[in-house]
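Here it is as C-alpha cells:
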C-alpha cells in the first residue's frame, strides 16, 4: 500500500522531471535541465518565498489556535458538545465554498468586515488587493478549514492526560494558565509535533484557496509553489517542469519534517 499510494507517485514524478515531457510527445530525456531552469527562474524563487511566508504565518497560527480551542472545549461544561460540533464542522466544508464565503466577507465594497470597521470609525481595507494582507487572509481561510481536524487531534491527546495531575496542581494553588504551561503543553509534545508536521504539509500543499481568492495576485505575491506547478503543467503543458516543482515540494516537506522530529526527540 505504501508503494502504491506514496512511493510510486513520488518516483513517477521524479522520472517525469527528467524529461521534456509534453502531452503529445515525443518525450525527450533532458536529465537535470528542468531543475536547472527552475534555479534560474525568478518566478520559482518568488513562489518559494511566498510558500515559506505562508507557512510561517499559517503553521504557528493553526497550532496555537487549535490547542487553545481544544483546551476550552475539553472543559466539562453543560452543552459543550454543541460547541465541539460547531468548531469541528469546517472539516466537511468544501474548500471552494469556504474560500468564496470568506471572499465575500472581506470584499472591500460589500464585505461585512469592512462595514464593521467603518461603523466604528476605522478605514476599510482592500484585503486581497494588498500583498501584505492577501497572504494573511489566505492563511486565515486555510486555518479555518483545517482547524477542526487539528482540534480533534488535540482533544484526543487531552483525554489521555490524567485528571489527577490537575487536581494535585490545584491543591498546590496552581492557576489555569500554570496548568496549561506546566502540565498540558509539556504532556502534549508528541501531539503538538504531529499537528505541526501535518500543518506544515498543508502549508506546502495549499492550492484551492489561493486559486479561488487571488489567483496568485496581487503582483504575484501569493503565487505559491503549488500554483506555479499548476500553471506550468495545465496552462503551459510543461509537464516535466511541473513534475520537477512537485519533486522539490516533496523534498522540502520531507526535510522540514525530519528536522522537526530530530528537534523534538532531542528535547
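In full-length UniProt numbering, the protein residues as written are 1 to 267.
Built from N, CA and C at the ideal position, the CB exists for glycine as well.
CB contact check: residue i to chain C, cutoff 9 Å
i, result
"residue 76", "Going by chain labels, chain C is absent from the structure shown, which holds only one protein chain."
Helix, strand or coil at residue i according to DSSP, with G and I counted as helix
i, result
"residue 20", "strand"
"residue 207", "coil"
"residue 215", "coil"
"residue 250", "helix"
"residue 220", "coil"
"residue 236", "coil"
"residue 172", "coil"
Sequence-distant residues of its chain with Cβ nearer than 6 Å to residue i (five each side left out)
i, result
"residue 27", "19 and 21"
"residue 111", "105"
"residue 257", "197"
"residue 146", "202"
Supposed close pair residue i, residue j - CB separation, criterion 8 Å
i, j, result
"residue 35", "residue 242", "With 8 Å as the limit, residue 35 and residue 242 do not qualify as a contact, their Cβ atoms being about 12 Å apart."
"residue 141", "residue 209", "5 Å"
"residue 227", "residue 207", "6 Å"
"residue 59", "residue 254", "The Cβ separation is near 16 Å, so there is no contact."
"residue 157", "residue 191", "4 Å"
"residue 44", "residue 38", "5 Å"
7 Å Cβ shell around residue i - same chain, five flanking residues per side excluded
i, result
"residue 179", "166 and 169"
"residue 155", "70, 73 and 74"
"residue 149", "91"
"residue 152", "88"
"residue 187", "161"
"residue 264", "189 and 193"
"residue 83", "73"
"residue 93", "145"
Proximal residues to residue i (C-beta, below 8 Å), its chain only, five neighbours per side dropped
i, result
"residue 137", "102, 106, 127, 128 and 213"
"residue 237", "22 and 23"
"residue 135", "50, 53, 54, 57, 221 and 222"
"residue 14", "243 and 247"
"residue 143", "58, 61, 62 and 65"
"residue 218", "128, 129, 130, 131 and 134"
"residue 194", "153"
"residue 172", "none"
Cβ-heavy atom distance, residue i to the ligand NAP, below 8 Å
i, result
"residue 172", "For the ligand NAP, the structure offers nothing, since it holds no ligand at all."
**Request:** Any chance you could list the alpha helix (DSSP H) runs of at least 4 consecutive residues sitting entirely within the segment 75-107, in chain order?
**Result:** Listed in chain order, they are 80-88 and 95-105.
**Item:** alpha helix (DSSP H) runs wholly inside the segment 23-66, at least 4 long, in chain order
**Value:** 33-39
**Asked** At what residue ranges does the segment 174-206 contain a whole run of the alpha helix (DSSP H), taking only runs of 4 or more?
**Response** 176-179 and 189-205
**Request:** Jot down the residue ranges of each uninterrupted alpha helix (DSSP H) in the segment 106-161, minimum 4 residues, whole runs only, in chain order.
**Result:** 112-119 and 131-159
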